[in-house]
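The sequence shown begins at 1 in full-length UniProt numbering and counts up one residue at a time.
Every residue, glycine too, gets a C-beta built ideally from N, C-alpha and C.
One structure is given here, and the rest of the page talks about it.
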Amino acid sequence: MALVEDPGVLDLGAPGDALAPGGEVHRSRVRGYHPPMGAMIRGASLRGFAALVEQLGGDPGEFLARFAIPAEALTSEEGLIPITGHDLMLDAVARDLGCPDFGLRLADDQDLSILGRLAVAIQASSTVAEALECASRFLFVHSPALSIAVEADPRGRREVVALTYRKDLRESPYSPQAMELGLGLFHRVAVALVGSLSGLRSVELPHQPLSPVARYTEFFGAQVRFGCPSAALRVERRVLDEEFRGADAAIRRLAVDYLAGHHTDPEGLTATHVRRALTASVGTTPPVLAHIARLLRMHPRTLQRRLAAESTGFEEILQDVRRDLALRYLTTTDLPLGQVAAMAGFADQSALSHAVRRWRGTSPGEVRRRTRGGA
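Quick look at the structure:
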């Protein structure tokens with residue numbers, strides 16, 4: 001069975017459209033770029049989520065509502081949802097429904113096709129190395145917070161390479177369940193593409209085991225190490241030269257040209273660098289345009305022009321960064337609300353409360369309780 005339903009047909013659709021947290025559709029003038037709303041991930045990452053939650057006796061809608069993810073995310077795979085809410089939801093489901101291997105189970109229900117148009121280019125590649133190069137170049141289309149790479153073996157074996165899977169923690173907090181989903185899917189796709197992964201030496205995960213170690217060994221078919229610097233599949237170097245049965249140079253070229261022509265890598269956008277500079281400075285220094293322009297070594301007017309060309313502006317990004325930081329601190333820490341307000345750049349706790357009510361329709365304390373499954 002093909003991993004992609006019809007690799008010969010590319011839906012040229014409307015790549016500038018995206019489902020935002022409130023369900024609205026936004027269209028940007030920059031190719032494939034959407035106004036900053038924090039790091040996003042395609043709704044396809046939740047394929048199989050509802051069925052698995054129901055199988056475990058839970059209510060998918062309740063979890064979606066708790067993390068402010070629109071129900072449409074389960075049916076609109078091209079829509080974008082905040083990756084922080086997505087990942088926190090996976091962790092909450094695992095905790096609340098007593099399913100420590102939820103991420104691995106969800107990976108079992110998915111395949112390469114969740115990557116949409118990128119899957120076409122990957123499947124039509126000629127070798128594992130070519131597929132990895134393509135995936136590394138365009139994974140930002142699925143989520144700019146995620147990346148894969150081929151790196152030297154962390155254990156120093158020259159005949160071994162590490163296929164790493166990373167999340168940019170500047171964009172969103174670490175999530176054990178999301179990491180297991182991502183690395184588990186990475187493994188499943190590799191096996192499906194080459195028929196087997198006999199060259200897999202071991203698997204490495206940054207966190208400690210969430211499930212019995214035997215569960216990981218069963219899933220990956222290899223030794224799994226925990227508490228490692230990064231998530232990786234350690235494979236024999238020869239695996240990179242293995243050929244794909246479905247290689248098609250013409251289809252791959254068409255798919256790559258489409259991706260390059262319709263999507264702009266966020267790393268090349270001024271808005272991405274402004275957002276990161278603000279994230280690092282909000283709560284410690286005044287978040288003013290002139291200061292950020294100095295950090296980026298450009299004139300304030302030049303910065304404004306570049307942001308305008310990307311369909312956004314400094315104040316819009318600043319408000320988005322404050323929102324992202326405030327909700328991150330509320331949902332992932334036990335910091336007092338006054339400290340959350342200061343660290344997210346609000347004048348005081350009252351200003352934070354007003355903002356959270358505007359975003360979520362309830363108080364900061366209630367947002368924290370809901371996220372953790374409280375009444």
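Asked: Closer than 8 Å by C-beta to Asp-348: which residues in its own chain qualify, once you throw out the five before and the five after it? Chain order, please.; Found: Gly-338, Ala-341
Asked: Any chance you could list the beta strand (DSSP E) runs of at least 3 consecutive residues sitting entirely within the stretch 32-63, in chain order?; Found: 40-42
Asked: Within the same chain, show all residues whose beta-carbon is closer than 8 Å to that of residue 376, passing over the 5 residues directly before and after it, in chain order.; Found: Beyond the ends of the chain as shown, which are 1 and 375, falls residue 376; an answer cannot be given.
Asked: Taking only runs of the beta strand (DSSP E) that begin and end inside the stretch 200-255, which ones reach a length of at least 3 residues, in chain order?; Found: 200-204, 223-225, 231-236
Asked: What's the gap between the Cα of Glu-133 and the Cα of Leu-104?; Found: 25 Å
Asked: Have a look at Gly-79 and Ile-69 and give me their C-alpha separation to the nearest angstrom.; Found: 11 Å
Asked: Closest to Arg-95 by C-alpha separation, out of Leu-193, Glu-218, Ser-175, would be which residue?; Found: Ser-175
Asked: Using only the alpha-carbon positions, how far apart do Met-369 and Arg-252 sit?; Found: Rather than Met, the amino acid found at residue 369 in this sequence is Arg. So the alpha carbons of these two residues sit roughly 48 Å apart.
Asked: Do you know how far the Cα of Val-203 is from the Cα of Leu-118?; Found: 25 Å
Asked: With DSSP run on the structure shown, which of helix, strand or coil describes Glu-130?; Found: helix
Asked: Examine the ligand SAM and report whether any of its heavy atoms sits within less than 7 Å of the Cβ of Val-340.; Found: The model on display carries no ligand, and the ligand SAM is accordingly not part of it.
Asked: Using DSSP with H/G/I as helix, E/B as strand and the rest coil, what is Ser-281?; Found: helix
Asked: Taking all protein chains shown into account, decide if Asp-91 is buried (16 or more other Cβ within 10 angstroms of its Cβ) or exposed.; Found: buried
Asked: Is there contact here, the stretch 122-133 with the stretch 207-219, by at least three beta-carbon pairs under 8 Å?; Found: no
Asked: Identify whether Leu-97 lies in helix, strand or coil by the three-state DSSP scheme.; Found: coil
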